[in-house]
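Scroll down for the structure; my scribbles are underneath it.
Numbering (the working numbering), first residue to last: 1 to 393.
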(Lines of atoms letter the chains of each structure in order from A; the text may use other names.)
(Lines give C-alpha, C1' and ligand atoms only; values in the text may rest on other atoms or scores of the structure.)
Protein backbone atom coordinates (compact mmCIF):
# COMPACT_ATOMS: atom_id res chain seq x y z
CA UNK A 1 0.00 0.00 0.00
CA UNK A 2 1.42 3.39 -0.98
CA UNK A 3 2.38 5.75 1.84
CA UNK A 4 2.75 9.42 1.11
CA UNK A 5 2.09 12.98 2.14
CA UNK A 6 0.97 15.17 -0.69
CA UNK A 7 -1.61 17.50 -2.10
CA UNK A 8 -4.23 15.27 -3.68
CA UNK A 9 -7.44 15.67 -5.65
CA UNK A 10 -10.26 13.21 -5.16
CA UNK A 11 -9.86 11.81 -8.67
CA UNK A 12 -6.18 11.04 -7.98
CA UNK A 13 -6.63 8.74 -5.00
CA UNK A 14 -7.78 5.31 -3.96
CA UNK A 15 -9.02 4.84 -0.37
CA UNK A 16 -8.53 1.45 1.29
CA UNK A 17 -10.84 -0.22 3.80
CA UNK A 18 -8.99 1.42 6.69
CA UNK A 19 -9.02 4.81 5.05
CA UNK A 20 -5.43 4.97 3.79
CA UNK A 21 -4.96 6.95 0.62
CA UNK A 22 -2.82 5.90 -2.31
CA UNK A 23 -2.39 7.50 -5.69
CA UNK A 24 -3.68 5.71 -8.73
CA UNK A 25 -0.17 6.01 -10.19
CA UNK A 26 3.28 6.52 -8.72
CA UNK A 27 6.03 4.75 -6.83
CA UNK A 28 7.61 4.94 -3.38
CA UNK A 29 11.18 4.98 -2.16
CA UNK A 30 12.41 2.68 0.59
CA UNK A 31 13.68 3.75 3.99
CA UNK A 32 17.35 3.39 4.82
CA UNK A 33 19.38 4.47 7.83
CA UNK A 34 22.39 6.21 9.35
CA UNK A 35 24.13 5.82 12.73
CA UNK A 36 24.29 7.53 16.12
CA UNK A 37 25.21 6.60 19.69
CA UNK A 38 23.28 6.03 22.92
CA UNK A 39 23.82 6.20 26.68
CA UNK A 40 24.19 2.39 26.82
CA UNK A 41 27.03 2.55 24.26
CA UNK A 42 24.99 0.37 21.92
CA UNK A 43 24.43 1.08 18.24
CA UNK A 44 21.85 3.56 17.05
CA UNK A 45 20.38 4.06 13.62
CA UNK A 46 18.65 7.21 12.44
CA UNK A 47 16.32 6.62 9.52
CA UNK A 48 17.22 9.66 7.45
CA UNK A 49 18.44 8.72 3.98
CA UNK A 50 16.16 7.61 1.16
CA UNK A 51 12.99 7.84 3.23
CA UNK A 52 9.58 7.21 1.74
CA UNK A 53 8.61 9.83 -0.84
CA UNK A 54 5.25 11.13 0.40
CA UNK A 55 5.22 14.34 -1.64
CA UNK A 56 3.59 12.83 -4.71
CA UNK A 57 3.27 14.76 -7.96
CA UNK A 58 2.11 18.11 -6.55
CA UNK A 59 3.93 21.28 -7.50
CA UNK A 60 5.70 22.09 -4.21
CA UNK A 61 6.15 25.76 -5.17
CA UNK A 62 2.37 26.17 -5.23
CA UNK A 63 1.80 24.79 -1.74
CA UNK A 64 1.53 27.00 1.34
CA UNK A 65 2.80 24.88 4.23
CA UNK A 66 2.15 26.85 7.44
CA UNK A 67 1.69 24.89 10.66
CA UNK A 68 1.07 21.58 8.93
CA UNK A 69 1.61 18.09 10.35
CA UNK A 70 4.42 15.86 9.17
CA UNK A 71 5.59 12.30 9.68
CA UNK A 72 8.69 11.51 11.71
CA UNK A 73 11.23 8.75 11.15
CA UNK A 74 12.83 7.33 14.32
CA UNK A 75 16.31 6.55 15.57
CA UNK A 76 16.81 2.91 16.60
CA UNK A 77 18.69 1.34 19.53
CA UNK A 78 20.08 -2.20 19.77
CA UNK A 79 20.24 -2.73 23.54
CA UNK A 80 20.91 -6.37 24.42
CA UNK A 81 17.48 -7.03 25.97
CA UNK A 82 15.53 -6.07 22.83
CA UNK A 83 13.64 -8.16 20.29
CA UNK A 84 12.56 -7.84 16.67
CA UNK A 85 8.88 -6.92 16.93
CA UNK A 86 9.42 -3.31 15.94
CA UNK A 87 10.83 -4.45 12.61
CA UNK A 88 8.67 -7.54 12.12
CA UNK A 89 5.30 -6.15 13.21
CA UNK A 90 5.70 -2.37 12.97
CA UNK A 91 7.71 -2.22 9.72
CA UNK A 92 10.40 0.07 11.09
CA UNK A 93 12.92 -1.11 8.51
CA UNK A 94 15.91 -0.34 10.74
CA UNK A 95 19.02 -2.46 10.21
CA UNK A 96 19.66 -3.37 13.84
CA UNK A 97 19.42 -6.74 15.61
CA UNK A 98 18.00 -6.63 18.17
CA UNK A 99 15.89 -3.52 17.75
CA UNK A 100 15.14 -2.65 21.37
CA UNK A 101 13.87 0.91 21.05
CA UNK A 102 12.76 3.39 18.43
CA UNK A 103 12.88 7.06 19.41
CA UNK A 104 9.82 8.20 17.50
CA UNK A 105 9.69 11.87 18.44
CA UNK A 106 13.02 13.13 19.69
CA UNK A 107 15.29 16.14 19.52
CA UNK A 108 17.76 14.53 21.92
CA UNK A 109 21.28 14.38 20.41
CA UNK A 110 21.61 10.69 21.31
CA UNK A 111 18.78 9.80 18.93
CA UNK A 112 17.15 12.59 16.92
CA UNK A 113 14.12 11.81 14.80
CA UNK A 114 13.99 13.00 11.20
CA UNK A 115 11.12 14.53 9.26
CA UNK A 116 9.78 12.01 6.74
CA UNK A 117 7.24 14.06 4.80
CA UNK A 118 6.41 17.53 3.59
CA UNK A 119 8.49 20.65 3.17
CA UNK A 120 11.06 19.71 5.82
CA UNK A 121 11.64 16.10 4.73
CA UNK A 122 15.18 14.99 5.53
CA UNK A 123 15.76 17.59 8.26
CA UNK A 124 15.97 16.59 11.90
CA UNK A 125 13.09 17.67 14.07
CA UNK A 126 15.53 19.80 16.07
CA UNK A 127 16.56 21.65 12.91
CA UNK A 128 12.95 22.37 12.01
CA UNK A 129 12.11 23.67 15.47
CA UNK A 130 15.20 25.85 15.54
CA UNK A 131 13.92 27.56 12.40
CA UNK A 132 10.29 27.54 13.58
CA UNK A 133 10.15 27.87 17.38
CA UNK A 134 6.49 28.87 17.04
CA UNK A 135 5.75 25.20 16.28
CA UNK A 136 6.37 24.45 19.99
CA UNK A 137 3.54 26.61 21.31
CA UNK A 138 3.26 29.13 24.12
CA UNK A 139 3.09 26.82 27.15
CA UNK A 140 6.17 27.44 29.35
CA UNK A 141 7.10 23.75 29.55
CA UNK A 142 7.31 23.76 25.75
CA UNK A 143 10.07 26.37 25.73
CA UNK A 144 13.57 25.01 26.33
CA UNK A 145 16.94 25.99 24.87
CA UNK A 146 16.80 23.47 22.02
CA UNK A 147 14.11 21.13 20.76
CA UNK A 148 11.17 19.71 22.68
CA UNK A 149 11.05 18.83 26.38
CA UNK A 150 9.71 15.30 25.83
CA UNK A 151 10.80 12.12 24.08
CA UNK A 152 8.40 9.47 22.70
CA UNK A 153 9.58 5.87 22.25
CA UNK A 154 8.55 2.34 21.47
CA UNK A 155 10.29 -0.22 23.71
CA UNK A 156 10.36 -3.93 22.78
CA UNK A 157 11.55 -5.82 25.86
CA UNK A 158 12.15 -9.39 24.76
CA UNK A 159 14.13 -9.91 27.97
CA UNK A 160 14.20 -8.16 31.35
CA UNK A 161 15.65 -4.66 31.52
CA UNK A 162 18.03 -3.76 34.34
CA UNK A 163 16.75 -2.65 37.73
CA UNK A 164 17.27 1.10 37.41
CA UNK A 165 16.31 4.59 38.46
CA UNK A 166 16.31 8.05 36.88
CA UNK A 167 17.33 11.35 38.50
CA UNK A 168 15.17 14.40 39.12
CA UNK A 169 15.62 17.61 37.15
CA UNK A 170 17.41 19.24 40.10
CA UNK A 171 19.91 16.40 40.52
CA UNK A 172 20.56 16.17 36.78
CA UNK A 173 21.09 19.92 36.57
CA UNK A 174 23.64 19.85 39.38
CA UNK A 175 25.44 16.58 38.59
CA UNK A 176 24.90 15.90 34.86
CA UNK A 177 25.94 19.16 33.20
CA UNK A 178 22.54 20.80 33.27
CA UNK A 179 20.61 17.94 31.65
CA UNK A 180 16.97 17.18 32.34
CA UNK A 181 15.97 14.43 34.74
CA UNK A 182 13.55 11.74 33.71
CA UNK A 183 9.96 11.25 34.76
CA UNK A 184 8.16 8.89 32.40
CA UNK A 185 4.89 7.17 31.60
CA UNK A 186 4.37 3.73 30.06
CA UNK A 187 1.44 2.54 28.01
CA UNK A 188 1.45 -1.23 27.49
CA UNK A 189 0.87 -1.83 23.79
CA UNK A 190 1.15 -5.61 24.19
CA UNK A 191 2.22 -8.12 26.83
CA UNK A 192 2.79 -11.85 26.85
CA UNK A 193 0.80 -13.95 29.34
CA UNK A 194 2.44 -13.76 32.77
CA UNK A 195 4.50 -10.64 31.95
CA UNK A 196 5.57 -8.53 34.94
CA UNK A 197 7.43 -5.36 35.78
CA UNK A 198 9.19 -4.06 38.89
CA UNK A 199 7.87 -0.87 40.51
CA UNK A 200 9.24 0.69 43.71
CA UNK A 201 9.94 -0.86 47.11
CA UNK A 202 7.43 -2.93 49.10
CA UNK A 203 8.64 -1.42 52.37
CA UNK A 204 11.03 1.34 53.37
CA UNK A 205 14.67 0.28 52.93
CA UNK A 206 18.07 1.69 53.84
CA UNK A 207 20.97 2.39 51.51
CA UNK A 208 22.94 -0.40 53.19
CA UNK A 209 20.16 -2.91 52.54
CA UNK A 210 20.13 -1.89 48.90
CA UNK A 211 23.93 -2.14 48.60
CA UNK A 212 24.08 -5.61 50.15
CA UNK A 213 21.15 -6.90 48.08
CA UNK A 214 22.83 -5.68 44.89
CA UNK A 215 26.01 -7.52 45.89
CA UNK A 216 24.22 -10.83 46.46
CA UNK A 217 21.71 -10.40 43.60
CA UNK A 218 18.63 -10.33 45.82
CA UNK A 219 17.42 -6.75 45.35
CA UNK A 220 14.18 -7.89 43.75
CA UNK A 221 13.02 -9.31 47.10
CA UNK A 222 12.46 -5.72 48.20
CA UNK A 223 10.60 -4.68 45.06
CA UNK A 224 6.96 -4.67 44.00
CA UNK A 225 6.44 -7.15 41.17
CA UNK A 226 3.37 -6.12 39.20
CA UNK A 227 1.48 -8.20 36.58
CA UNK A 228 1.16 -6.42 33.24
CA UNK A 229 -1.64 -6.55 30.68
CA UNK A 230 -2.26 -4.93 27.33
CA UNK A 231 -3.70 -1.45 27.81
CA UNK A 232 -2.20 -0.87 31.27
CA UNK A 233 -0.67 2.51 32.13
CA UNK A 234 2.14 3.22 34.61
CA UNK A 235 3.49 6.59 35.77
CA UNK A 236 7.16 6.40 36.83
CA UNK A 237 8.24 9.48 38.74
CA UNK A 238 11.95 10.31 38.88
CA UNK A 239 13.51 8.47 41.83
CA UNK A 240 11.27 5.38 41.52
CA UNK A 241 13.30 2.18 41.18
CA UNK A 242 11.83 0.09 38.37
CA UNK A 243 12.42 -2.54 35.68
CA UNK A 244 10.46 -3.55 32.58
CA UNK A 245 10.10 -7.31 32.38
CA UNK A 246 10.54 -9.49 29.33
CA UNK A 247 7.65 -10.00 26.92
CA UNK A 248 6.33 -6.43 27.09
CA UNK A 249 5.95 -3.89 24.27
CA UNK A 250 5.61 -0.37 25.62
CA UNK A 251 5.06 3.15 24.35
CA UNK A 252 7.04 5.46 26.61
CA UNK A 253 6.52 9.19 27.03
CA UNK A 254 9.26 10.84 29.06
CA UNK A 255 11.25 13.98 29.62
CA UNK A 256 13.89 14.55 26.94
CA UNK A 257 16.66 12.79 28.83
CA UNK A 258 18.94 9.80 28.39
CA UNK A 259 20.02 9.47 32.02
CA UNK A 260 19.65 5.99 33.52
CA UNK A 261 21.39 4.75 36.67
CA UNK A 262 21.58 0.94 36.74
CA UNK A 263 21.40 -0.80 40.10
CA UNK A 264 21.42 -4.42 39.01
CA UNK A 265 21.72 -6.10 35.61
CA UNK A 266 21.73 -9.87 36.30
CA UNK A 267 25.50 -9.99 35.63
CA UNK A 268 24.87 -9.66 31.90
CA UNK A 269 27.68 -8.87 29.51
CA UNK A 270 27.53 -6.57 26.49
CA UNK A 271 28.38 -7.54 22.91
CA UNK A 272 32.07 -7.09 23.73
CA UNK A 273 31.88 -9.61 26.56
CA UNK A 274 32.14 -7.01 29.35
CA UNK A 275 29.81 -6.61 32.29
CA UNK A 276 27.48 -3.70 31.72
CA UNK A 277 28.28 -0.65 33.82
CA UNK A 278 26.38 -0.05 37.06
CA UNK A 279 25.84 3.37 38.65
CA UNK A 280 25.19 2.34 42.24
CA UNK A 281 26.27 5.48 44.10
CA UNK A 282 24.36 7.86 41.84
CA UNK A 283 21.35 5.56 42.03
CA UNK A 284 21.50 5.60 45.82
CA UNK A 285 21.68 9.39 45.73
CA UNK A 286 18.46 9.78 43.75
CA UNK A 287 16.24 6.80 44.62
CA UNK A 288 13.15 7.00 46.78
CA UNK A 289 13.84 4.58 49.65
CA UNK A 290 10.31 4.81 51.05
CA UNK A 291 7.68 2.19 50.40
CA UNK A 292 5.66 2.68 47.24
CA UNK A 293 2.03 1.80 46.94
CA UNK A 294 1.54 -0.97 44.43
CA UNK A 295 0.43 0.77 41.24
CA UNK A 296 -3.24 0.38 40.39
CA UNK A 297 -4.86 1.12 37.07
CA UNK A 298 -6.84 4.38 37.19
CA UNK A 299 -10.48 4.64 36.24
CA UNK A 300 -10.73 5.76 32.63
CA UNK A 301 -13.73 7.27 30.87
CA UNK A 302 -14.15 7.60 27.13
CA UNK A 303 -15.53 10.86 25.77
CA UNK A 304 -17.12 10.62 22.35
CA UNK A 305 -17.08 12.95 19.36
CA UNK A 306 -18.19 12.27 15.78
CA UNK A 307 -15.82 9.60 14.45
CA UNK A 308 -13.57 9.59 17.54
CA UNK A 309 -13.31 8.94 21.27
CA UNK A 310 -10.78 10.08 23.86
CA UNK A 311 -9.69 9.08 27.34
CA UNK A 312 -7.11 10.71 29.58
CA UNK A 313 -4.25 8.40 30.56
CA UNK A 314 -1.82 10.68 32.36
CA UNK A 315 -1.29 14.36 33.10
CA UNK A 316 1.69 15.87 34.89
CA UNK A 317 3.74 19.07 34.64
CA UNK A 318 5.82 17.55 31.85
CA UNK A 319 3.22 16.05 29.50
CA UNK A 320 -0.37 15.04 28.94
CA UNK A 321 -1.23 11.73 27.28
CA UNK A 322 -4.63 10.66 25.95
CA UNK A 323 -5.72 7.56 24.10
CA UNK A 324 -7.56 8.54 20.93
CA UNK A 325 -9.73 6.12 18.97
CA UNK A 326 -10.68 6.89 15.36
CA UNK A 327 -13.43 4.97 13.57
CA UNK A 328 -15.05 6.58 10.53
CA UNK A 329 -15.80 3.35 8.67
CA UNK A 330 -19.59 3.67 9.00
CA UNK A 331 -20.13 7.43 9.06
CA UNK A 332 -19.83 10.04 6.35
CA UNK A 333 -18.12 12.59 8.59
CA UNK A 334 -14.38 12.46 9.23
CA UNK A 335 -12.98 12.99 12.73
CA UNK A 336 -11.75 16.55 13.30
CA UNK A 337 -8.38 17.37 14.83
CA UNK A 338 -6.53 20.61 15.58
CA UNK A 339 -3.73 21.56 17.97
CA UNK A 340 -4.08 24.65 20.13
CA UNK A 341 -1.69 27.59 20.26
CA UNK A 342 -0.38 26.43 23.65
CA UNK A 343 1.41 23.23 22.58
CA UNK A 344 2.50 21.04 19.72
CA UNK A 345 0.97 17.56 19.65
CA UNK A 346 2.40 14.15 18.85
CA UNK A 347 0.20 11.36 17.49
CA UNK A 348 1.65 7.87 17.92
CA UNK A 349 -0.35 5.22 16.04
CA UNK A 350 -0.40 2.06 18.13
CA UNK A 351 -2.91 0.13 16.04
CA UNK A 352 -4.85 0.33 12.80
CA UNK A 353 -4.38 2.74 9.91
CA UNK A 354 -5.96 5.79 8.37
CA UNK A 355 -5.27 9.08 6.65
CA UNK A 356 -4.96 12.66 7.90
CA UNK A 357 -6.15 15.44 5.61
CA UNK A 358 -5.35 19.15 5.70
CA UNK A 359 -5.80 21.99 3.24
CA UNK A 360 -2.72 21.04 1.22
CA UNK A 361 -1.54 17.85 2.86
CA UNK A 362 -2.56 14.21 3.08
CA UNK A 363 -0.66 11.77 5.30
CA UNK A 364 -1.18 8.01 5.23
CA UNK A 365 -0.89 6.60 8.74
CA UNK A 366 0.03 3.02 9.61
CA UNK A 367 0.55 1.20 12.89
CA UNK A 368 3.78 2.44 14.45
CA UNK A 369 3.82 5.81 12.66
CA UNK A 370 4.45 9.04 14.53
CA UNK A 371 3.10 12.42 13.42
CA UNK A 372 4.23 15.81 14.69
CA UNK A 373 1.48 18.44 14.68
CA UNK A 374 2.81 21.98 15.26
CA UNK A 375 1.02 24.24 17.70
CA UNK A 376 -1.85 26.28 16.27
CA UNK A 377 -2.24 23.87 13.38
CA UNK A 378 -4.69 24.20 10.56
CA UNK A 379 -7.96 22.30 10.90
CA UNK A 380 -7.34 18.64 10.11
CA UNK A 381 -9.53 15.61 9.46
CA UNK A 382 -8.76 11.94 10.07
CA UNK A 383 -10.40 9.01 8.30
CA UNK A 384 -9.92 5.32 9.05
CA UNK A 385 -9.91 2.95 11.99
CA UNK A 386 -6.95 3.45 14.28
CA UNK A 387 -5.78 3.88 17.86
CA UNK A 388 -3.38 6.67 18.84
CA UNK A 389 -1.62 8.09 21.84
CA UNK A 390 -2.15 11.86 21.72
CA UNK A 391 0.67 13.66 23.51
CA UNK A 392 1.13 17.33 24.35
CA UNK A 393 2.99 19.53 26.82
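Where is the CB? At the ideal position from N, CA and C, for every residue including glycine. Predicted model only: the values in this text are computed from it and were never measured.
Of the choices the options, whose alpha-carbon is the least far from that of residue i?
i	options	result
residue 75	225, 111, 254, 235	111
residue 336	294, 297, 355	355
residue 282	107, 259, 265, 295	259
residue 250	285, 267, 192, 210	192
residue 149	256, 353, 333	256
Cα separation between residue i and residue j?
i	j	result
residue 320	residue 182	15 Å
residue 377	residue 221	50 Å
residue 238	residue 331	44 Å
residue 168	residue 202	21 Å
residue 98	residue 248	15 Å
residue 100	residue 86	8 Å
residue 322	residue 139	18 Å
residue 152	residue 344	13 Å
residue 136	residue 310	23 Å
residue 304	residue 279	47 Å
residue 379	residue 306	15 Å
residue 244	residue 120	35 Å
residue 385	residue 175	46 Å
residue 373	residue 294	36 Å
residue 117	residue 126	15 Å
residue 95	residue 381	34 Å
residue 235	residue 227	15 Å
residue 199	residue 291	10 Å
residue 83	residue 156	6 Å
Is it right to say residue i is buried, meaning 16 or more other beta carbons lie within 10 angstroms of its own, or is it exposed?
i	result
residue 328	buried
residue 391	buried
residue 300	exposed
residue 69	buried
residue 229	exposed
residue 102	buried
residue 262	buried
residue 240	buried
residue 302	exposed
residue 271	exposed
residue 351	exposed
Identify every residue that forms a DSSP beta bridge with residue i.
i	result
residue 152	105, 253
residue 387	325, 351
residue 335	382
residue 225	198
residue 393	According to DSSP, residue 393 bridges with nothing at all.
residue 364	355
residue 172	Answer is none; residue 172 lacks a bridge partner.
residue 266	For residue 266, which the question treats as bridged, DSSP gives no partner whatsoever.
residue 163	264
Give a yes or no on whether the minimum CB-CB distance between residue i and chain C is below 8 Å.
i	result
residue 205	Absence of chain C from the displayed structure is noted, only one protein chain being present.
Legend entry - Whole beta strand (DSSP E) elements within the region 62-91, 3-residue minimum: 70-73, 75-77
Inset, instruction - Pick out the complete alpha helix (DSSP H) segments inside the region 102-130, 4 residues or longer, and give them in chain order. - result: none
Legend entry - Entirely enclosed beta strand (DSSP E) segments - the region 274-328, minimum 3 residues: 303-305, 308-315, 320-327
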